[in-house]
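Okay, so here's the structure we're looking at.
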């Protein structure tokens, strides 16, 4: 039909105004024979313009008209369309929202009649109505057609706003229930002999069980079978398995009418490795003995839906008591939260920002938070035992388990996100939870949600807003009511009972919930601004504390720090406003005793945890020395000077330990450091530099007080052992040698007395009892050991080493490095000992045998009585001593020829030995892994217990804290010990070959 240009222009403009994106194509469709009589009908155009996608709706309508059986059928459709507003809104609404349902109508053109009736009973059909709708299905193909016809009616009411999103989800679940029943009936009809042998119950799980199904979703089920009429149980179970498999195929397989949806039975005991059908007794035995926490969480939504409903109810009665005991399991909350994190970690990076269901701030966050609270409090409050997320959330708010405002915000966000998910899936009836990227898809999605003004921008903004609400609230949801339990609430606001608060704290891992509630009351009660900020911070902090092995200690120390700094204006502002500070503090306070003890001696060091407090990066040695020497200069005497230096040391030890803990645990924004060796190097380097700077400051303070600017003798301190190797741990002593050289014209006796007084005073000042940790100086590696003088001249060292040095002393000198005092003297000492530790001809066989004898004697004599040698990080097989002696033997034998071996650092020497071909790459990696792990264990023990140790703790909480530091989740201490044994065993094998094998 040809139109005048003016009229065409007018129609074109009108179509644009009604939301068509391709007015030219729409004009051609309106001019088609089927629509010629109604093309100018304003009612039709308005109805098309009200749909999510007017272009798609018009295309679908033309296809439907073309598919009608003749002119009379087309006319009937057109007449009803123009005259009946309910049909018009429903039919065009579906055609504008769902390409897949338009395809169905084109294949089954009479199914539009299902949308004509508009009776009150038609507005909210239930299971009975859907069963009637599927009753005529006689095979999988006709079942699909009937299913789509019923689905058409749900979608029509959904897109027209007759039912809201929760009602839509409930109807979809009812339709799924009716479909499972119809499919089982078909399976039973196909194998009546199997049906006669067994009782088979179908238990819906997941969203179907929870009465909150999507348009396209796997339908999760569990099958329960029993023998019928005295039949043999094995035969009955085989028959039930055949029926269950057939049911699954009927729903899942693709036919000429497509598929309905996959039936997924992987939530059954043992998952896909377990039998498809079990007896009730077998189910019960599995859940009593083997089930994991997530399996009880999944049972929250269990609901008998098909087959033998009596058997289904027996299943529910048997298993439900176990569900409500799940929160009593060890590490319950941690297990649930770990499961949620694992889900997020498995999302492909390219999808995470578009994931409606699984991503941060998505539907799963709401569902996990609600289920967690149900499992904790449903034991004592049966009103919480709903499988439907929104009903459970409403009950939690009514009972005071969740704040009403938080619940309302989450309800609103969940409904919006589910509506998005429904409309995305409805378009092509495909299982997806990804927000589309195409602008046309986003436009249709936005318009389907009644966002008509700039639908793409508005949809994106609303989606991000709701996701942000969920992200902000989903974890706080668990913790905020704990504060309300101890704070004054607004009139009418429900609160957790004392028992409910206790239950929640126990579930979080608090050993003393009464004390925890007292701490919360002290921190958060009252109407002051400080209390208000604490009420904002604590819900998040409680979650971080609960993620540790000792949440009680974390909360207690936080209260102490807050009491100490509560009147300081910057403290709470730092935690509130600087993203990293609060989480870093929570991790540090709950990881063990060392870091909190260091912090409590000077709480203002908490500023280091923020974004702008200098950060947690260890400071260079030169900067540390500069600060300590400046403090010494300002002091009135040596005691004050060394006290100031020890204060700097304490602060920097806290900085290093905090960096180590945060790097080991990771944060929400920064994952844990994957390179364990990097963390070991960080601690070893930082603590060694800090010890060297402390000795420099102390030396300056002692010389300044006793002799002014110049000591009568040049004086140098040589680091030995781990100190010289830049490998000090938190609890290590400083192994040193003292060397001096009289200045020109100074009597040797006077010089020796001065040097002796310096050493004695340094040791005294660094061990004076104070708030700062002492620094113990150990000079036992000096010539003649404890029997020899504490300090010698360079000439005395030269004479001794030339005449008397033993193999063990050469061995010890491999780690010697100047750390403080006169640099030239330190350099000359190093030049003196180089020929001893890197002998030109290597070691003769007698020297090698002596070193091996020394090592064997040390293993037998120094290992503590009663200690498990396989778990001793220092002296046990494959421990630090094994690796270090092996590397040092290579240095002694080959250091003269291989320049790279001339280092005091174990890992550098090992890398150099590998590069020189003295050790294979595989063996070097094995030794390095073992050395790093053993060092990490020692550091962990010191961080956790506050005192040094070479073996794993025996107290379960301490062992758990060591595990968390090493990257093992709650309940996996046994895995950690097994992994340590394996690593040490492999390393010992390499040591046996390289150290004892004579190679």
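In my numbering, the protein residues as written are -2 to 996.
No residue lacks a Cβ here, since even glycine has one placed at the ideal position from N, Cα and C.
Close-in-space but distant-in-sequence residues of the same chain around residue i (CB under 7 Å, 5 per side omitted)
i           : result
residue 973 : 960, 963, 965
residue 311 : 277
residue 90  : 48, 153, 156, 157
residue 128 : 175, 178
residue 968 : 327, 328
residue 867 : 873, 874, 978, 981
Own chain, CB closer than 6 Å to residue i, minus 5 neighbours either side, in chain order
i           : result
residue 983 : 923
residue 807 : 833, 834
residue 1   : With a pLDDT of only 45 at residue 1, under the threshold of 50, the placement of this residue in the model should not be trusted; the figure read from the coordinates follows. Within the same chain, residue 1 has no close Cβ partners at all.
residue 54  : 45, 48, 89, 92, 93
residue 996 : Bear in mind that the predicted position of residue 996 carries a pLDDT of just 43, short of 50, making it too unreliable to give a figure here.
residue 261 : 215, 217
residue 913 : 895
CB contact flag (residue i, residue j, <9 Å)
i           : j           : result
residue 212 : residue 152 : yes
residue 769 : residue 640 : yes
residue 658 : residue 561 : no
residue 57  : residue 103 : yes
residue 356 : residue 374 : no
residue 180 : residue 122 : no
residue 511 : residue 501 : no
residue 433 : residue 426 : no
residue 870 : residue 932 : yes
residue 108 : residue 78  : no
residue 646 : residue 772 : yes
Closest Cα partner of residue i within the set the options
i           : options            : result
residue 244 : 602, 938, 90, 187  : 187
residue 705 : 755, 690, 660, 668 : 755
residue 731 : 739, 717, 738      : 717
residue 664 : 590, 699, 891, 585 : 585
residue 428 : 862, 257, 556      : 257
residue 549 : 515, 574, 529, 528 : 515
residue 359 : 80, 96, 469        : 469
residue 533 : 918, 478, 821, 545 : 478
residue 623 : 642, 416, 539, 684 : 642
residue 189 : 968, 233, 37       : 233
residue 542 : 566, 529, 580, 518 : 580
residue 678 : 457, 905, 220      : 905
residue 557 : 668, 841, 600, 134 : 600
residue 939 : 398, 729, 253, 890 : 729
residue 976 : 943, 941, 987, 926 : 926
residue 205 : 196, 195, 216      : 216
residue 894 : 165, 96, 747, 838  : 838
residue 699 : 634, 747, 387, 796 : 634
8 Å CB neighbourhood of residue i in its chain, flanking five on each side removed
i           : result
residue 605 : 611, 612, 613, 648, 651, 652, 655
residue 289 : 332
residue 4   : Reliability fails at residue 4, whose pLDDT of 46 lies under 50, so the model's placement of it is uncertain and no value is given.
residue 436 : 453
residue 953 : 970
residue 855 : 872, 878
N-terminal and C-terminal residue of the alpha helix (DSSP H) that residue i is part of
i           : result
residue 951 : Here residue 951 belongs to no alpha helix (DSSP H), and DSSP marks it neither H nor E.
residue 147 : 137 to 156
residue 337 : 329 to 342
residue 160 : Per DSSP, residue 160 belongs to no alpha helix (DSSP H) and is neither H nor E.
residue 765 : Premise fails: residue 765 is in no alpha helix (DSSP H) and is neither H nor E.
residue 980 : 970 to 991
Opening and closing residue of the beta strand (DSSP E) in which residue i lies
i           : result
residue 223 : 216 to 224
residue 200 : 195 to 201
residue 126 : Note, residue 126: premise wrong, no beta strand (DSSP E); alpha helix (DSSP H) at 124 to 131.
Legend entry - the stretch 349 to 367 / the stretch 407 to 416 touching (three or more Cβ pairs under 8 Å): Enough Cβ pairs lie closer than 8 Å, so yes.
Legend entry - Inter-stretch contact at 8 Å, needing at least 3 Cβ pairs: the stretch 427 to 444 / the stretch 337 to 347: No, because fewer than three Cβ pairs between the stretch 427 to 444 and the stretch 337 to 347 fall closer than 8 Å, the two stretches do not touch.
Inset, instruction - Spell out a yes or no on whether the stretch 264 to 280 and the stretch 233 to 242 are touching, meaning 3 or more CB-CB pairs, one atom from each, closer than 8 Å. - result: Per the Cβ contact rule, the stretch 264 to 280 is in contact with the stretch 233 to 242 (3 or more Cβ pairs under 8 Å).
Legend entry - the stretch 792 to 805 contacting the stretch 709 to 723, beta-carbon criterion three pairs below 8 Å: Here the stretch 792 to 805 makes no contact with the stretch 709 to 723; the two share fewer than three CB pairs at distances below 8 Å.
Legend entry - Touching by the beta-carbon criterion (3+ pairs, under 8 Å), the stretch 724 to 743 and the stretch 783 to 793: Cβ pair count under 8 Å is three or more, so yes.
Legend entry - Validate contact between the stretch 299 to 308 and the stretch 193 to 208 using beta carbons, cut 8 Å, 3 pairs: Under the 8 Å Cβ criterion, the stretch 299 to 308 counts as touching the stretch 193 to 208, having at least three qualifying pairs.
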